[in-house]
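Enquirer: The structure's right below; bear with me while I get my questions together.
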Amino acid sequence: MIAYSQGCLLLRQVLQEFVKGGCYREAMADRLRVFTFGNPSIDWMGTDAQANETPLCERVNYTEHSANERDFVAALGVLRTNQEEALRKAGYIHERSSVFINHGEDWVGHLFGTQYSLRMEDYEYGECSRLLACAGGREMG
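Just so we're aligned: 132 in the UniProt record's numbering is position 132 of the sequence shown, and the numbers increase by one with no gaps anywhere.
Okay, structure coming up:
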């Protein structure tokens, strides 16, 4: 699943409903991979039926969040802090979730088609991205 901007907000809500409503299945954890770009969500946490907070990435196979450092929309969510502990508490950094930031001067703004790179070289630790490693038709590992 690839989500961009407001689509991230919708996807977060759908994942939350799965968690809260008990619709979560092992198949989702085994197969669903989530990739967001310019995510404005304040956090990536969900609440189960017993009111326990849980990172949404624990309910899917893997999650990646990519953002331009100077994306004003991502600054509302995934980039609202650069503190690792705060990103962990918000559910963005986890053993099953990563954040990739493009610090390049030429990559400014929020428009996906023209202002977001799909080259792993443009992101900090981009070589670790499962999605960006698929460039050129390579199979996702």
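Ideal Cβ placement from N, Cα and C applies to all residues, glycine included.
Mark residue 87 as exposed unless 16 or more other C-beta atoms lie within 10 angstroms of its C-beta, in which case mark it buried.
Expert: One-based indexing of the sequence shown puts residue 87 at position 87. With 16 or more other Cβ atoms within 10 Å, it is buried.
Enquirer: When you compare each of 26, 27 and 77 to residue 12 by their alpha carbons, which one comes out closest?
Expert: Counted from its first residue, the sequence shown places residue 12 at position 12. For residue 12, the nearest C-alpha among the options comes from 77.
Enquirer: Closer than 8 Å is the cut-off here; do at least three beta carbon pairs connect the segment 50-70 with the segment 31-42?
Expert: Touching, yes, given that three or more Cβ pairs across the two stretches are closer than 8 Å.
Enquirer: Need the endpoints of the beta strand (DSSP E) that residue 77 sits in, please.
Expert: One-based indexing of the sequence shown puts residue 77 at position 77. In this chain, residue 77 is not harboured by any beta strand (DSSP E), its DSSP state being neither H nor E.
Enquirer: Cutting at 6 Å between CB atoms, please list the residues of its own chain near residue 110, excluding the five before and the five after it.
Expert: As a first step, residue 110 must be located in the sequence shown, where it is residue number 110. Only 38, 71 and 73 meet the Cβ criterion.
Enquirer: Since residue 79 and residue 67 are thought to touch, with beta carbons under 8 Å apart, how far apart are those beta carbons, to the nearest angstrom?
Expert: In the sequence shown, the residue the question calls residue 79 occupies position 79. In the sequence shown, the residue the question calls residue 67 occupies position 67. About 5 Å; that satisfies the 8 Å criterion.
Enquirer: Quick check: what's the CA-CA separation for residue 126 versus residue 132?
Expert: Taking the first residue of the sequence shown as position 1, residue 126 is located at position 126. Taking the first residue of the sequence shown as position 1, residue 132 is located at position 132. Approximately 7 Å, taken between the alpha carbons.
Enquirer: Could you tell me if residue 148 is buried or exposed, where buried requires 16 or more neighbouring beta carbons within 10 angstroms of its beta carbon?
Expert: No statement about residue 148 is possible, as the shown extent of the chain runs from 1 to 141 and does not include it.
Enquirer: Just verifying my parser: in three-state terms, what is the DSSP assignment at residue 3?
Expert: Here residue 3 refers to the residue found at position 3 of the sequence shown. Judged by DSSP in its simplified three-state form, residue 3 adopts strand.
Enquirer: Nearest CA to the CA of residue 51: which residue from 121, 17 and 2?
Expert: Taking the first residue of the sequence shown as position 1, residue 51 is located at position 51. The shortest C-alpha separation from residue 51 is found at 17.
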